Amino acid sequence: MLKIIQKKRNPGGDSVIIMNLAAQRMVFIHCSLLNLNRIFTRSLMSSLVVFFGILHGCSLLPNVSPTPSPPPSNFSDEEVTNYAQTVLKIEDQRRIAYDQIEAVIDDQPPEIACDQPQTIKQLPDKAQKIAVEFCNESKQIAQDSGLSSNQFNAITENAQKDASLKTRIQNAMIRIRKP
Numbered sequence: 001m002l003k004i005i006q007k008k009r010n011p012g013g014d015s016v017i018i019m020n021l022a023a024q025r026m027v028f029i030h031c032s033l034l035n036l037n038r039i040f041t042r043s044l045m046s047s048l049v050v051f052f053g054i055l056h057g058c059s060l061l062p063n064v065s066p067t068p069s070p071p072p073s074n075f076s077d078e079e080v081t082n083y084a085q086t087v088l089k090i091e092d093q094r095r096i097a098y099d100q101i102e103a104v105i106d107d108q109p110p111e112i113a114c115d116q117p118q119t120i121k122q123l124p125d126k127a128q129k130i131a132v133e134f135c136n137e138s139k140q141i142a143q144d145s146g147l148s149s150n151q152f153n154a155i156t157e158n159a160q161k162d163a164s165l166k167t168r169i170q171n172a173m174i175r176i177r178k179p
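Here the sequence shown stands for residues 1 to 179, numbered as in full-length UniProt numbering.
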């Protein structure tokens, strides 16, 4: 319950509301939760962008698709959830690899793409090994996801084009990450 302790006018004529300490804490907590939600959403979006880049780098996405991708409505909730779990597993591995490479080069790692060998070759030998292991692990995680390569790639391609599918994936990720 929000109690106003005092309401007075300052010399400029504006009203000033003085709230009790409990009300101030509630306002602070509410603002903090909004900021955490915004930070979580941004983190989730950046994870998706990174994941799509990883998939492209692992050559899981064909350069030319012989058949058109299925419409988003064809993806079951189970497929979307399975896809989201895979994305999160790969993201966990990406964070580990990133931290290891950062420790090796003692600086923020440059952008690395699994399908662009020159981005890996620019790293010191130990960091190159970590990057290659990550690329191989990511590819294996995607293959072990229970989705066929075609299904996985179709979901990836459609998520980049279809906001509702992207939202379904994000919601699945949030459900999976809930404690």
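All C-beta atoms in this analysis are idealised placements derived from N, C-alpha and C, irrespective of residue type, glycine included. Just so you know, these numbers come straight off a predicted model, no measurement behind them.
Of the residues the options, which one's Cα is nearest the Cα of residue i?
{"i": "Val80", "options": "Asn171, Lys139 and Asp144", "result": "Asn171"}
{"i": "Val87", "options": "Ser148, Ile105 and Ile141", "result": "Ile141"}
{"i": "Asp77", "options": "Ile174, Gln108, Arg177 and Arg168", "result": "Arg168"}
{"i": "Ser138", "options": "Asn74, Ile90 and Asn82", "result": "Ile90"}
{"i": "Gln100", "options": "Lys126, Gln122, Ile176 and Cys114", "result": "Lys126"}
{"i": "Asp106", "options": "Tyr98, Ala113 and Gln116", "result": "Tyr98"}
Which of helix, strand or coil does DSSP assign to residue i?
{"i": "Glu111", "result": "coil"}
{"i": "Pro117", "result": "helix"}
{"i": "Ala22", "result": "Here Ala22 scores only 48 on pLDDT, less than 50, and its place in the model is too uncertain to base an answer on."}
{"i": "Gln100", "result": "helix"}
{"i": "Ser164", "result": "helix"}
{"i": "Ala159", "result": "helix"}
{"i": "Asp77", "result": "helix"}
{"i": "Leu88", "result": "helix"}
{"i": "Asp106", "result": "coil"}
{"i": "Gln128", "result": "helix"}
{"i": "Leu138", "result": "Just to set this straight, residue 138 is Ser in the shown sequence, not Leu. In the structure shown, Ser138 sits in a helix (DSSP, three-state: H, G or I)."}
What's the call for residue i, buried or exposed, on a 16-neighbour Cβ count within 10 Å?
{"i": "Leu165", "result": "buried"}
{"i": "Ala84", "result": "buried"}
{"i": "Ile96", "result": "exposed"}
{"i": "Ala159", "result": "buried"}
{"i": "Glu157", "result": "buried"}
{"i": "Asn74", "result": "exposed"}
{"i": "Asn136", "result": "exposed"}
Is residue i near residue j, with beta carbons less than 8 Å apart?
{"i": "Phe134", "j": "Gln93", "result": "yes"}
{"i": "Val104", "j": "Ile120", "result": "no"}
{"i": "Pro110", "j": "Gln118", "result": "no"}
Could you tell me if the beta carbon of residue i falls within a distance shorter than 7 Å of some heavy atom in the ligand ADP?
{"i": "Lys121", "result": "In the structure on display, the ligand ADP does not appear, and there are no ligands present to speak of."}
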